[in-house]
Amino acid sequence: MTTPPTDGLLFDVAAPPTPVERLMLLADQYVQHNDALDRLLRAGPQPEPDAHIASAQRLASATRTALKAVTDERLYESHELSDAVVRLQQLAFLSSASADHRLPMARTLTALAPEATMGCADRIAREMRHRRRSTTDAPDHKLTTTQHTALWEIACGHVVATSSLGRQYVHYRDEHVLIGTLRSLEASGLAERIPNSAPSAYVGGPLQDRVRLTTAGTTALAAAISRPPATSAPGTTPAPANAAAAKTATRSR
258 MTTPPTDGLL FDVAAPPTPV ERLMLLADQY VQHNDALDRL LRAGPQPEPD AHIASAQRLA
318 SATRTALKAV TDERLYESHE LSDAVVRLQQ LAFLSSASAD HRLPMARTLT ALAPEATMGC
378 ADRIAREMRH RRRSTTDAPD HKLTTTQHTA LWEIACGHVV ATSSLGRQYV HYRDEHVLIG
438 TLRSLEASGL AERIPNSAPS AYVGGPLQDR VRLTTAGTTA LAAAISRPPA TSAPGTTPAP
498 ANAAAAKTAT RSR
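The sequence shown begins at 258 in my numbering and counts up by one.
Structure, rendered in structure tokens:
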């Protein structure tokens, strides 16, 4: 009997996401969920009462999975880690509870979930590096301050893009994200626009393009999260991990 060649059995298997990457992917799921609910609310006065239930249940399950990935790391139970675990438990509960409510209350229950999830990712990343310093000192991805800020804002669901009269605009919330920065991130394969996936800025207006992290963008930000980014142009500062009160949405060209 001839032994088959082993070369044909070899194939690349993607490494599973780290707990921090998993949380960032979860934040993106919450952004997509909230966008979908906003589109339903804008579509008409009587959205389907059960349209959001399946998505909410998937979110609750994904949040519990992310929480298990964190607890499986068996990190030292610091106050930072405890706070992150409690917050994730709250998010799982709120997501599950939102399936039992109709719009717009269901939308309210997950309104702050993307930012909260990213806050948990930030805390857990710091704890993992603190406990395993010897294996995490050298980042695989180097980001400038401007890139770090933009990727963080995108991950929190704070960035959309529009076009008008042949010009493109970026709408952001907490920290400035310029159209030039977005184009640079897109050219580097770190961010992408999903056409007509974000709700309109006003009732009756056109849908906006949600800006999301690509897989490479998620990996890059996860590697750099909570780490001082590379030096950029003077006057730029990294986005705070836990943003304070939201600023008025601004438009940049």
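Even for Gly, the Cβ is constructed at its ideal location relative to N, Cα and C.
What you are looking at is a predicted structure, and each value in this text was computed from that prediction instead of being measured.
Using 8 Å for Cβ pairs, my map puts residue i next to residue j. What's the rounded Cβ distance?
i	j	result
E384	L338	5 Å
L470	L408	6 Å
A300	A363	Incorrect: roughly 15 Å between the Cβ atoms, too far for contact.
P456	D295	4 Å
By Cβ distance below 6 Å, which residues in the same chain neighbour residue i in space, the five residues on each side in sequence not counted?
i	result
Q346	none
Y459	none
A272	none
Q465	V417, T419, A455
A370	Y287, L348
V434	A407, E410, V416, V427
P452	D466
R450	A418, D466, V468
Between residue i and the rest of its own chain, which residues show a CB-CB distance below 7 Å, the 5 nearest in sequence each way excluded?
i	result
Q286	L316, A319
L354	For clarity, residue 354 is Ala in the given sequence; the question names Leu instead. Here the set comprises L366.
P274	L282
A326	P276, R279
S335	E384
T475	E278, M281, L282
A356	I310, A313, Q314
P361	L298
Would residue i pass as a contact of residue j if the rule is Cβ separation under 8 Å?
i	j	result
V288	G414	yes
S454	D292	yes
L280	C377	yes
Y429	E410	yes
A481	L400	yes
M375	A284	yes
A308	L297	yes
D340	R380	yes
R344	A368	no
Looking only at C-alpha atoms, which of the options sits nearest to residue i?
i	options	result
A382	T472, V342, I451	V342
V468	H336, P371, D379, A448	A448
L332	R388, A373, R424	R388
Using a Cβ-Cβ cutoff of less than 8 Å, which residues in the same chain neighbour residue i once the five nearest sequence positions on both sides are dropped?
i	result
R359	P306
S391	In this prediction, S391 scores a pLDDT of 44, lower than 50, which makes its location untrustworthy; no coordinate-derived value is stated.
Need the endpoints of the alpha helix (DSSP H) that residue i sits in, please.
i	result
T419	Per DSSP, T419 belongs to no alpha helix (DSSP H); it is in the beta strand (DSSP E), 417 to 421.
D329	Counting along the chain, D329 falls outside any alpha helix (DSSP H), and DSSP gives it neither H nor E.
With residue i as the anchor, note down where its beta strand (DSSP E) starts and where it stops.
i	result
E449	448 to 455
L348	Unbroken run through L348 is the alpha helix (DSSP H), 336 to 355; no beta strand (DSSP E).
Q289	Counting along the chain, Q289 falls outside any beta strand (DSSP E), though it belongs to the alpha helix (DSSP H) covering 276 to 300.
Can you check whether the C-beta of residue i is within less than 8 Å of a C-beta belonging to chain C?
i	result
D285	The structure shown contains no chain C; it holds only a single protein chain.
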